[in-house]
Each structure stands twice: as C-alpha cells, then as structure tokens.
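Novice:
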Amino acid sequence: MPPTSPKCGRQRDPASPRRSRRLARQLPDVDIREAARARQRSVCKSRRQQSVNGMPEPSETFTNLVEAARARVESYVNEGRPHEEYLRPCLKAFLEWLPPGGQTSVARDIINAENDDQKLWQVFHDLLTYLLYPMMAESSIPSKPESPFDFRKPNLDVFAGTLIQPEVRDPDFRDECARR
Numbered sequence: 001m002p003p004t005s006p007k008c009g010r011q012r013d014p015a016s017p018r019r020s021r022r023l024a025r026q027l028p029d030v031d032i033r034e035a036a037r038a039r040q041r042s043v044c045k046s047r048r049q050q051s052v053n054g055m056p057e058p059s060e061t062f063t064n065l066v067e068a069a070r071a072r073v074e075s076y077v078n079e080g081r082p083h084e085e086y087l088r089p090c091l092k093a094f095l096e097w098l099p100p101g102g103q104t105s106v107a108r109d110i111i112n113a114e115n116d117d118q119k120l121w122q123v124f125h126d127l128l129t130y131l132l133y134p135m136m137a138e139s140s141i142p143s144k145p146e147s148p149f150d151f152r153k154p155n156l157d158v159f160a161g162t163l164i165q166p167e168v169r170d171p172d173f174r175d176e177c178a179r180r
C-alpha cells in the first residue's frame with residue numbers, strides 16, 4: 001500500500017528511480033560514450049549561426065546567404081533616389097558588422113528584394129532611418145581634434161615681430177613703377 005500524505009490524506013506515488021538515486025546520492029546511469037556525443041553535439045550547435053527565428057543554422061548556409069546578399073547589393077543600379085551613394089557601402093557594412101542574428105536578417109531582406117532595386121533601396125532606407133539615424137543621434141558629438149601645431153601659437157607673435165615690417169606707402173612708388 002502506497003504511503004499517504006499527512007496533510008491531504010491522498011496517496012503519494014512511489015519515488016521514481018531517478019529521484020531515488022538523487023536522494024541516495026548515487027550517480028545516474030549514464031553511458032560515457034553517450035555523454036561525449038551529447039557534448040560534441042552541443043559544441044557543433046554553438047558553432048552554428050542563429051537564424052532569425054532563433055533556430056540554429058549551419059555555418060555554410062549562413063556564409064552562402066551572406067555571399068548571395070553581397071552579390072545582390074553589387075548588382076544594384078542607381079536611379080537617383082536619396083542617399084543612393086551610400087547604399088552599397090552601408091549594406092555591406094551591415095552584413096559585416098551586425099551580430100549574427102542581425103546579419104542573417106539583413107541578408108534575408110536583401111535576398112527577398114530579388115531583382116527589384118526599389119525594394120532593395122527600401123531595405124536600405126529602413127535600416128538608415130530606423131537604425132543608423134537613431135544611433136547617430138544618441139552618440140556623443142566627437143570633440144574637435146586639436147591641431148598638432150597648436151604648440152606654436154605662443155611663439156607666433158614673437159616670430160611675426162622679427163619679420164621686416166613693410167614700409168609706409170611711398171608716394172613716389174607709383175611714379176617709379178610707371179617709369180620702368
């Protein structure tokens with residue numbers, strides 16, 4: 001007859017073998033080979049890139065995705081849209097510098113634009129307005145770099161004083177020049 005709980009009067013299930021081992025401080029029955037395989041699988045999974053939906057994506061697929069996106073960016077044709085001169089370098093920088101999930105997302109957006117340059121420009125414009133502009137607005141204004149020649153300013157007056165001072169305009173100067 002199974003033991004009953006003193007509070008509720010209900011019958012408790014007998015302890016599971018796993019729980020019994022833990023309570024008895026026994027080591028679980030684990031095959032060493034199986035543990036090594038599990039560790040190797042976790043290492044392989046950690047080397048993979050994360051896709052947009054959080055599922056692991058093999059690195060060769062990720063590399064192919066980024067390369068296809070770079071090729072699509074290179075095939076873009078300028079049509080006089082605003083900030084078009086920054087489209088190629090900007091999208092390439094996103095593909096290179098964003099974290100892996102962001103790289104995958106941007107690469108998929110670029111590839112989904114297919115051969116429509118308007119869609120690719122829209123991807124660029126969205127990244128520009130919703131990611132770059134806010135980042136630029138929050139970053140501090142860079143300080144004005146000091147000139148390497150600032151140490152010379154105190155000596156400038158001394159140096160200028162040693163130069164030959166120009167003569168006061170000579171009234172005969174024009175006449176002399178005209179005669180020559």
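Read in the UniProt record's numbering, the sequence shown has 105 at position 105, and its numbers run on one by one without any break. By construction, the Cβ of each residue, glycine as well, lies at the ideal position given by its N, Cα and C atoms.
Excluding the 5 residues flanking Leu128 on each side, which residues of the same chain have their C-beta closer than 8 Å to its C-beta?
Specialist: As a working mapping, residue 128 is identified with position 128 in the sequence shown. Result list for Leu128: His83, Tyr86, Cys90, in chain order.
Novice: Ignore the nearest five residues each way along the sequence and tell me which others in Leu65's own chain have a CB closer than 6 Å to its CB.
Specialist: One-based indexing of the sequence shown puts residue 65 at position 65. Cβ within range, chain order: Ala107.
Novice: Can you check whether the CB of Arg88 is closer than 7 Å to the CB of Trp121?
Specialist: Along the sequence shown, read from residue 1 onward, the residue named residue 121 stands at position 121. Along the sequence shown, read from residue 1 onward, the residue named residue 88 stands at position 88. No, the pair does not count as a contact, with Cβ atoms beyond the cut-off.
Novice: Starting from the C-beta of Leu95, find all residues in its chain whose C-beta is less than 7 Å away, skip the five residues before and the five after it, and write them out in chain order.
Specialist: Walking along the sequence shown from the start, residue 95 turns up at place 95. Excluding sequence neighbours, Leu95 sits near Val66, Ala69, Arg70, Gln103, Val106, Ala107.
Novice: Might you give, ordered along the chain, the residues of its own chain that have their beta carbon closer than 8 Å to the beta carbon of Leu132, omitting 5 neighbours on each side?
Specialist: For this step, residue 132 is matched to residue 132 along the sequence shown. Around Leu132: Cys90.
Novice: Need the endpoints of the alpha helix (DSSP H) that Asn112 sits in, please.
Specialist: Counting from one through the sequence shown, the residue named residue 112 turns up at place 112. 100-112 is the extent of the alpha helix (DSSP H) around Asn112.
Novice: Helix, strand or coil: which one does DSSP assign to residue 216?
Specialist: No information on residue 216 is available, as it lies outside the stretch 1 to 180 that the chain covers here.
Novice: Any idea what DSSP makes of Asp116, helix, strand or coil?
Specialist: For the purposes of this step, residue 116 is taken as residue 116 along the sequence shown, with counting starting at 1. Looking at Asp116 - three-state DSSP - the assignment turns out to be coil, as it is neither helix nor strand.
Novice: Grab me the residues of Arg174's own chain with a C-beta within less than 8 Å of its C-beta, minus the 5 sequence neighbours each way, in chain order.
Specialist: In the sequence shown, the residue the question calls residue 174 occupies position 174. Answer for Arg174: no residue qualifies.
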